[in-house]
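Some notes on the structure that comes next.
Numbering (this note's numbering), first residue to last: -5 to 114.
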């Protein structure tokens, strides 16, 4: 019986990689980016492309979900909205963001979600 070694990080067998000809799965995320003392809460299906087009100091976190989750967060933090999708970085918002940070690097978490979607 042959047992494959699985990566603890992404769940794939070591040495395996997705077929590059297959379309990438759509993984919608809500992102939290900081610029000075403000946080933008937005959503994207292509976060690398989206974040490259927005001036920011730091990517704080990703949360799985699309427009419905984003709108829920906008309502949740409505009292600290500065305008549009920008919010004041208060301790309450910082605590919410810290709760989303299961890994130090949000891009690693996003890669896990993409890897999981590829497995399905």
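All C-beta atoms, glycine included, are put in the ideal place defined by N, C-alpha and C.
Values in this document were obtained by computation on a predicted structure and should not be read as measured data.
Review point. Looking at C-alpha atoms only, which residue of 63, 84 and 64 is the closest neighbour of residue 73?
Key: Position 79 of the chain shown, counting from 1, holds the residue named residue 73. Considering only alpha carbons, the answer is 84.
Review point. Does the Cβ of residue 52 have 16 or more other Cβ atoms within 10 Å, making it buried, or fewer, making it exposed?
Key: Position 58 of the chain shown, counted from the start, is the residue given in the question as residue 52. Per the 10 Å Cβ criterion, exposed.
Check your understanding: If you follow the alpha helix (DSSP H) that residue 42 is part of, which residue opens it and which one closes it?
Key -> Working through the chain shown from its first residue, we reach residue 42 at position 48. Start and end: 41 to 46.
Check your understanding: Beta carbon of residue 38, beta carbon of residue 44: below 7 Å?
Key -> Mapped onto the chain shown, residue 38 falls at position 44. Mapped onto the chain shown, residue 44 falls at position 50. Yes.
Point to revise | Segment limits, alpha helix (DSSP H) that includes residue 93 | key: One-based indexing of the chain shown puts residue 93 at position 99. Start and end: 85 to 94.
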